[in-house]
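Asker: I am attaching a structure below and will ask some questions about it afterwards.
Residue numbers (my numbering), protein chains in the order written: chain A, 121 to 233; chain B, 93 to 209.
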């Protein structure tokens, strides 16, 4: 059974610092990975997706994937109070159809002004 | 900006009753999904739907659940006989293509909070 594991936190980071969020997954078949942000009581919102080993940067966000270690991370540079939210890691195994995402429980991030 | 819309935002129902949760996916999207999130827990995949049929379903999606695309715009989730443990936030999502494609994103609706009493 696929599992995606995250430290639930809370992770407290000072404003302007780098926030580092980590995720591990159990299923070696997983091929695509996604980071979602979820504010309390709201729906998940996609931050980044990553498919290949290495780093992928988009603005203040960098996703890192290491398939050998089954590890995904998200770095948020210049953290802002508005980044305070729960960050969900999700994995996808390609089954050829409309595959569903397997989510972790999320890491609660608090950016301290 | 196009968005996935869900109605109602909050539904309260008595145990044993049938409920239908409604979703209008983004108009040019072809792949549709239902997820649920029990309070304080992780988002869980229920079912995906493509080309007018179920593509994949999880263990949660048992015979009490069904999905339907009754017309060209709506996508519904029916729970036949609700149980207390069905209380959760239910999210509908849609995507233009399969999520395996680079740049393909699943857009989530704002959710329907189902409370079974």
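We put the CB at the ideal spot given by N, CA and C, even for glycine.
With distances taken between CB atoms, is the gap from residue 155/A to residue 191/A smaller than 8 angstroms?
Answerer: Contact annotation: residue 155/A and residue 191/A have beta-carbon atoms that are not nearer than 8 angstroms.
Asker: Would you say residue 135/B reaches chain A, if we count a Cβ-Cβ gap shorter than 8 angstroms as a contact?
Answerer: Interface residue, yes.
Asker: Let me know the beta strand (DSSP E) ranges lying completely inside the stretch 152-231 of chain A, each 3 residues or longer, listed in chain order.
Answerer: Within the stretch 152-231 of chain A, the runs of beta strand (DSSP E) at least 3 residues long that lie entirely inside it are, in chain order, 165-170, 174-178, 181-186, 191-196 and 205-213.
Asker: Under 9 angstroms, CB to CB, which of the residues in the stretch 164-196 of chain A have a partner in chain B?
Answerer: 164, 165, 166, 169 and 171
Asker: Would you identify the three-state DSSP class for residue 176/B, choosing helix, strand or coil?
Answerer: DSSP, reduced to helix, strand and coil, places residue 176/B within a helical segment of the structure shown.
Asker: For residue 212/A, which residues in chain B fall below 8 angstroms Cβ to Cβ?
Answerer: Correct list: 191 and 192.
Asker: Using a Cβ cut-off of 7 angstroms, which residues of the stretch 113-125 of chain B contact any Cβ in chain A, in chain order?
Answerer: 123 and 125
Asker: At the level of alpha carbons, what is the spacing between residue 153/A and residue 107/B?
Answerer: Between residue 153/A and residue 107/B, the C-alpha separation is close to 37 angstroms.
Asker: By how many angstroms is the C-alpha of residue 191/B removed from the C-alpha of residue 171/A?
Answerer: 11 angstroms
Asker: I want to verify the contact list: residues of chain B whose CB lies under 8 angstroms from the CB of residue 153/A, in sequence order.
Answerer: Per Cβ cutoff of 8 angstroms: no residues; residue 153/A is ~11 angstroms from chain B at best.
Asker: Decide if the stretch 127-137 of chain B is in contact with the stretch 175-186 of chain B; the criterion is three or more beta carbon pairs, one per stretch, under 8 angstroms apart.
Answerer: yes
Asker: Which stretch, first to last residue, makes up the beta strand (DSSP E) that contains residue 134/B?
Answerer: Neither: residue 134/B is in no beta strand (DSSP E) and is coded neither H nor E.
Asker: Are the beta-carbon atoms belonging to residue 164/B and residue 97/B less than 8 angstroms from one another?
Answerer: no
Asker: For chain A, find out if any of its Cβ atoms is closer than 8 angstroms to the Cβ of residue 156/B; answer yes or no.
Answerer: no
Asker: Check the Cβ of residue 147/A against every Cβ in chain B and list those closer than 7 angstroms, keeping chain order.
Answerer: Those within 7 angstroms of residue 147/A in chain B number zero; the least Cβ separation is about 13 angstroms.
Asker: Let me check one thing: in DSSP terms, what residues is residue 132/A bridge-paired to?
Answerer: 230/A
Asker: Are at least three pairs of beta-carbons, each pair with one atom in the stretch 155-172 of chain B and one in the stretch 123-132 of chain A, less than 8 angstroms apart?
Answerer: no
Asker: Given that residue 219/A touches chain B, what residues does it touch there, using C-beta distances under 8 angstroms?
Answerer: 140, 147, 148, 190, 191 and 192
Asker: Listed from N- to C-terminal order along the chain, which residues in the stretch 160-173 of chain B have their beta-carbon within a distance smaller than 7 angstroms of any beta-carbon of chain A?
Answerer: From the stretch 160-173 of chain B, no residue has a Cβ closer than 7 angstroms to chain A.
Asker: Of all the CB atoms in chain A, is at least one closer than 8 angstroms to the CB of residue 198/B?
Answerer: Judged by the 8 angstroms Cβ criterion, residue 198/B is in contact with chain A.
Asker: At a CB-CB cut-off below 7 angstroms, which residues of chain B make contact with residue 208/A?
Answerer: Chain order gives the chain B residues near residue 208/A as 135, where near means a beta carbon separation below 7 angstroms.
Asker: Kindly indicate which three-state DSSP category residue 121/B falls into: helix, strand or coil?
Answerer: coil
Asker: Beta-carbon separation of residue 229/A and residue 150/A under 8 angstroms?
Answerer: no
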